[in-house]
Amino acid sequence: MSSSEKSSAGGDGIDRRGMLKCMAWVGTGLVWGVSGGVATSRVFGQPAAPDQKPTFTFVQISDSHLGFARDPNKDVAGTLKQTVDRINALPEPPAFVLHTGDLTHLAKPDEFDACAEILKGVKAGAVGYVPGEHDFDGDGNKEYLGRYGKGTQGLGWYNFDHKGVHFVALVNVANAKSGSGDGGLGVIGAEQLAWLKKDLAGLKDSTPVVVYAHVPLWAVYEKWGWGTRDAEQALDLLKRFGSLTVLNGHIHQVMQKVEGKVTFHTARSTAFPQSEPGKGTPGPIRNLPAGKLKSVIGLSTVSYIETAGSLAVVDSTLE
Ligand SMILES: [Fe+2]
Ligand SMILES: [Fe+2]
Numbered sequence: 006m007s008s009s010e011k012s013s014a015g016g017d018g019i020d021r022r023g024m025l026k027c028m029a030w031v032g033t034g035l036v037w038g039v040s041g042g043v044a045t046s047r048v049f050g051q052p053a054a055p056d057q058k059p060t061f062t063f064v065q066i067s068d069s070h071l072g073f074a075r076d077p078n079k080d081v082a083g084t085l086k087q088t089v090d091r092i093n094a095l096p097e098p099p100a101f102v103l104h105t106g107d108l109t110h111l112a113k114p115d116e117f118d119a120c121a122e123i124l125k126g127v128k129a130g131a132v133g134y135v136p137g138e139h140d141f142d143g144d145g146n147k148e149y150l151g152r153y154g155k156g157t158q159g160l161g162w163y164n165f166d167h168k169g170v171h172f173v174a175l176v177n178v179a180n181a182k183s184g185s186g187d188g189g190l191g192v193i194g195a196e197q198l199a200w201l202k203k204d205l206a207g208l209k210d211s212t213p214v215v216v217y218a219h220v221p222l223w224a225v226y227e228k229w230g231w232g233t234r235d236a237e238q239a240l241d242l243l244k245r246f247g248s249l250t251v252l253n254g255h256i257h258q259v260m261q262k263v264e265g266k267v268t269f270h271t272a273r274s275t276a277f278p279q280s281e282p283g284k285g286t287p288g289p290i291r292n293l294p295a296g297k298l299k300s301v302i303g304l305s306t307v308s309y310i311e312t313a314g315s316l317a318v319v320d321s322t323l324e
């Protein structure tokens, strides 16, 4: 999150059947609505409930991978631009946009530049970021932190409040390496957990909380590194809140799980889809049928309605 917002606020080898199933559930975009404290979701394009004007709306985008230039998407800048166009065409500009990491493919300066240049065009109050493992390659994390670390703690974690909702941005990729394929499980680490404990201490149980981080905070598929080793410790600190919404990226597909008062949600990539957990191999689905790409990448919009105490997520694709 920029300082202004902070202050105010298959794969190869996948069988066809598996791929079709995967495409069915990655085929829409995500809109998060915060509406009184509990997260709900709807499919993009469906009307919101009448008389339920959101207190505010924000957009989640993820996994733009600037610098990636192979099948199934040789123009990831183009699809990110289209995503920005989609955001700019929303009926009301979102309060802010959250990018949940993998801005770049190889953490190169020109890739960061390209991403920043495109996101300059987004009509929103601010854009907040967390790094993905692809943003942490080979430079001691200096490139990411030099651009997005201002006003953050440790390796880039931070918080902000917006209209009664407390947002926590966690970094759980510091140990990961994108080159190894599975990347390894995410880790939050003792220092960040101690910060989180302190950060939450002054909040009432009734405060709606939104946590966002790159790697899922629930075990989606640990063999592929699609989970966070010490997520339980973070969730223990968060379990007293009546409304907790956890937003992640990394797996390039929409998945949602509701567990008690916690809603976990992962967003699509703006660049390319990955295989369904355990089907084929992790990494881009390269053999997408012609013309299908834009039906499996997209964005999520989240609306908060204070009176209802809940968040609603809508996933939408670029097509
Ligand atoms: Fe990614
Ligand atoms: Fe990732």
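Letter by letter, the sequence shown follows residues 6 to 324 of the numbering used here. Even glycine gets a Cβ: it sits at the ideal position worked out from N, Cα and C. Owing to the predicted nature of the structure, the values given are computational and were not obtained by experimental measurement.
Asked, Found
"Candidates Ser300, Gly288, Thr250 and Pro136: closest to Arg75 by CA position", "Gly288"
"Unbroken beta strand (DSSP E) run spanning Tyr153, endpoints", "From DSSP, Tyr153 is part of no beta strand (DSSP E) but of the alpha helix (DSSP H) over Lys147 to Tyr153."
"Secondary structure of Trp200, DSSP reduced to three states", "helix"
"Residue list, Cβ distance to ligand 2 heavy atoms smaller than 6 Å", "Asp107, Gly137, Glu138, His139, His219 and His255"
"Opening and closing residue of the alpha helix (DSSP H) in which Lys86 lies", "Val81 to Asn93"
"Reduced DSSP secondary structure (H/G/I, E/B, other) of Gln158", "strand"
"Asp68 beta carbon near ligand 4 (any heavy atom closer than 6 Å)", "Ligands present in the displayed structure are limited to ligand 1 and ligand 2, and ligand 4 is not among them."
"For Arg291 and Ala317, the rounded distance between their alpha carbons", "32 Å"
"Presumed contact (8 Å Cβ cut-off) between Gln238 and Gln258, rounded CB distance", "With 8 Å as the limit, Gln238 and Gln258 do not qualify as a contact, their Cβ atoms being about 26 Å apart."
"Rounded C-alpha distance that separates Ser274 from Thr322", "10 Å"
"First through last residue of the beta strand (DSSP E) which encompasses Ile66", "Phe61 to Ile66"
"Exposure of Asp210, with buried meaning 16 or more beta-carbon neighbours within 10 Å", "exposed"
"Enclosing alpha helix (DSSP H) for Ala119 [first to last residue]", "Pro114 to Leu124"
"Residue from Gly303, Phe61 and Leu150 whose Cα sits closest to the Cα of Val170", "Phe61"
"Beta strand (DSSP E) segment containing Ala174, residue limits", "Val170 to Ala174"
"Beta-ladder partner(s) of Asn279, from DSSP", "Residue 279 is actually Gln in this sequence, not Asn. Paired residue(s): Pro289."
"Close beta carbons around Arg234, own chain, < 6 Å, minus the five adjacent residues each side", "Leu190 and Val192"
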